[in-house]
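Counting from 2, one number per residue, gives the positions in the sequence shown under our numbering. I have placed the structure first, in the form of structure tokens, so that the comments after it can refer back to it.
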Amino acid sequence: MTVRIGVVGTGAIGRDHTRRINQVLTGGRVTALSDVNPDSARSVKADVAPEAEIFATGEQLIESDAVDAVMVTSWGATHEAYVLAAIAAGKPCFCEKPLATTAEGARRIVDAETARDKRLVQVGFMRRYDAGYRLLKQAVDRDIGPVLMVHAAHRNPTVPPHYTTPMAINDTLIHEIDVLRWLLDDDYVSAQVVFPRRTFHAPGDLKDPQVVLLETAKGVRIDVEVFVNCRYGYDIQCQVVGEEGIASLPEPMSIVVRKDARLQNQILTDWKDRFIDSYDVELQDFLNAAAQGTASGPTSWDGYVAAISSDACVAAQEAPGAIVPIALPARPALYD
Ligand SMILES: NC(=O)c1ccc[n+]([C@@H]2O[C@H](COP(=O)([O-])OP(=O)(O)OC[C@H]3O[C@@H](n4cnc5c(N)ncnc54)[C@H](O)[C@@H]3O)[C@@H](O)[C@H]2O)c1
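Okay, here's the thing in structure tokens:
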């Protein structure tokens with residue numbers, strides 16, 4: 002069966018996911034496109050989805066009989082309404098992060114999905130599909146004994162001038178928030194943010210770097226350095242300390258050069274390149290589940306918990322040094 006996909010939001014990632022579905026992956030075809038900027042949809046049609054029909058609104062696309070499953074890749078603030086419409090239509094839906102821009106919005110999606118008692122939503126937390134994180138999870142599950150601590154870092158070379166201090170949580174740390182929960186099979190119980198000396202390179206009044214300290218229900222202590230003007234590269238580090246050993250996220254593959262009395266490895270600079278392969282694996286998983294009329298991978302619940310946890314981290318930013326508790330409601334059985 003070929004799953005007919007409708008894409009809402011044909012900007013950077015909507016275009017790239019459409020290319021993936023039509024040119025790289027199997028089992029799906031993009032048959033419908035919609036964007037508030039129709040020129041964007043027309044350009045994606047011309048370049049990578051020649052047979053797609055262009056719809057005036059996302060809602061019309063979702064309701065169309067020519068669409069079996071929906072991909073929501075519009076701006077974050079518009080995700081909730083489209084995901085709710087897809088659930089109402091009973092169609093599997095891949096939603097780029099964030100699932101919603103508020104925890105209440107994500108909760109509405111959880112409630113709509115649980116009311117149907119069927120998984121329909123996959124959230125675009127692609128790091129869970131990265132080969133390096135998957136190897137790290139194997140080591141955490143099998144080799145290093147109970148986990149005691151995690152030391153992680155999320156470093157960008159620079160950020161645009163509009164990047165703000167809360168974006169360090171909502172746009173940057175959000176990936177660690179999800180992937181570390183998955184890696185440890187655990188939930189957060191508190192967050193604290195401390196600010197080291199500010200880098201001269203931070204634009205405006207951005208506080209950079211920051212150190213986010215998370216505690217989990219099992220008592221694991223996590224420190225994540227978020228440093229988005231580090232200059233030297235896009236660098237994701239994760240070291241898990243267990244009772245019996247230490248496991249670290251592998252570095253991306255790179256040629257080792259011996260030259261001028263130096264041993265050199267290249268460091269990536271563009272975030273788009275760092276997890277590029279994981280997007281293919283993530284969307285193939287979506288297509289496979291959508292062919293069965295359901296969804297797989299990161300759930301609405303994961304999107305909701307990420308929203309609650311990131312709200313707590315933003316509250317912790319606003320009260321530097323304070324420990325902000327994170328309380329989660331009971332998890333519906335659909336997500337066990
Ligand atoms: N998982 C990841 O690594 C990753 C990477 C990039 C982007 N994203 C997420 O994907 C989403 C899109 O990001 P992007 O970089 O492609 O942004 P973008 O600005 O390039 O594209 C967004 C598109 O959505 C369209 N749009 C806005 N409101 C709309 C609406 N109401 N209905 C239909 N279309 C609408 C815009 O016209 C634009 O074409 C964001 O939520 C972002 O956080 C995730």
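C-beta: ideal position from N, C-alpha, C; glycine also.
Starting from Phe126, follow the beta strand (DSSP E) in both directions and report where the run begins and ends. According to the DSSP assignment, Phe126 belongs to no beta strand (DSSP E), since it is labelled neither H nor E.
Where does Gly15 fall in DSSP's three states? The answer is helix: DSSP assigns Gly15 an H, G or I state.
Short of 8 Å in beta carbon distance, which residues of its chain neighbour Arg232, apart from the five on each side in sequence? Order them along the chain. The residues are Pro158, Thr159, His202.
Measuring alpha carbon to alpha carbon, tell me which of Arg21, Arg20, Leu121 ends up nearest Leu1. Because the chain is modelled from 2 through 337, residue 1 falls outside the range shown and cannot be assessed.
Can you have a look at Met150 and say buried or exposed, based on whether 16 or more other CB atoms are within 10 angstroms of its CB? Around the CB of Met150, fewer than 16 other CB atoms lie within 10 Å, so the residue is classed as exposed.
Assuming the contact rule is C-beta atoms closer than 8 Å, Ile63 and Leu34 should be a hit. Round their C-beta distance to whole Å, please. Not a contact, Cβ separation roughly 12 Å.
Per DSSP, Leu34 forms a beta bridge with which residues? Secondary-structure assignment with DSSP links Leu34 through a beta bridge to Val8, Ile55.
Is Lys98 near ligand 2, with its Cβ less than 6 Å from a heavy atom? Ligands displayed in this structure: ligand 1; ligand 2 is not among them.
For Gly29, count neighbouring C-beta atoms within 10 Å of its own C-beta (all shown protein chains included) and say buried if the count is 16 or more, exposed if not. Classification of Gly29: buried, given that the 10 Å Cβ count is 16 or more.
Where do the ends of the beta strand (DSSP E) carrying Cys94 lie? Bounds of the beta strand (DSSP E) holding Cys94 are 94 to 96.
Quick check: what's the CA-CA separation for Tyr164 versus Asp209? Roughly 11 Å separates the two Cα atoms.
Can you give me the start and stop residues for the beta strand (DSSP E) that Arg222 sits inside? Start and end: 222 to 228.
Would you call the stretch 131 to 140 and the stretch 322 to 334 touching, i.e. three or more CB-CB distances under 8 Å? Between the stretch 131 to 140 and the stretch 322 to 334, the count of Cβ pairs shorter than 8 Å is below three; the stretches do not touch.
Starting from the Cα of Thr166, find the closest Cα among Met2, Gly205, Glu177 and give me that residue. The residue from Met2, Gly205, Glu177 with its alpha-carbon nearest to that of Thr166 is Gly205.
Thinking just about the alpha-carbon of each residue, which of Leu181, Lys119, Val45 is nearest to the one in Thr341? Because the chain is modelled from 2 through 337, residue 341 falls outside the range shown and cannot be assessed.
Please name the residue in Arg108, Gln285, Val4, Gln193 whose C-alpha comes closest to that of Ala320. Per the Cα distances, Gln193.
Are at least three pairs of beta-carbons, each pair with one atom in the stretch 218 to 228 and one in the stretch 249 to 266, less than 8 Å apart? The answer is no - the stretch 249 to 266 does not touch the stretch 218 to 228, with fewer than three Cβ pairs under 8 Å.
Simplified DSSP state of Asn157, which is helix, strand or coil: Three-state result, Asn157: coil.
Tell me whether Val37 counts as near ligand 1, meaning its Cβ is closer than 6 Å to at least one heavy atom of that ligand. Taking 6 Å as the cut-off, one finds at least one heavy atom of ligand 1 near enough to the beta carbon of Val37.
Where do the N-terminal and C-terminal ends of the alpha helix (DSSP H) with Gly133 fall, by residue? 132 to 143 is the extent of the alpha helix (DSSP H) around Gly133.
Measure the alpha-carbon distance for Phe228 versus Asp66 and round it to whole angstroms. Here the alpha carbons of Asp66 and Phe228 stand approximately 46 Å from one another.
Where Gly243 and Leu215 are concerned, what is the direct C-alpha to C-alpha distance, given to the nearest angstrom? If you take the alpha carbons of Gly243 and Leu215, they lie about 17 Å apart.
At a cut-off of 6 Å, would you count Ala331 as near ligand 1, judging by its Cβ distance to the nearest heavy atom? Distances taken from the Cβ of Ala331 to the heavy atoms of ligand 1 include none shorter than 6 Å.
Assign Met168 to one of three DSSP states: helix, strand, or coil. Here Met168 carries a helix assignment [DSSP, helix/strand/coil].
So, helix, strand or coil for Lys208, using DSSP? If DSSP states are grouped into helix, strand and coil, Lys208 belongs with coil.
Within 7 Å, strictly: CB atoms of Ala113 and Ala107: Going by C-beta atoms, Ala113 is not nearer than 7 Å to Ala107.
Reducing DSSP to helix, strand and coil, say where Pro326 ends up. Correct three-state label for Pro326: strand.
What first and last residue would you give for the beta strand (DSSP E) that runs through Ile237? Boundaries of the beta strand (DSSP E) harbouring Ile237: 236 to 243, taken from the DSSP string.
Checking the sheet assignment: what are the DSSP bridge partners for Lys260? Per DSSP, the beta bridge partners of Lys260 are Arg263.
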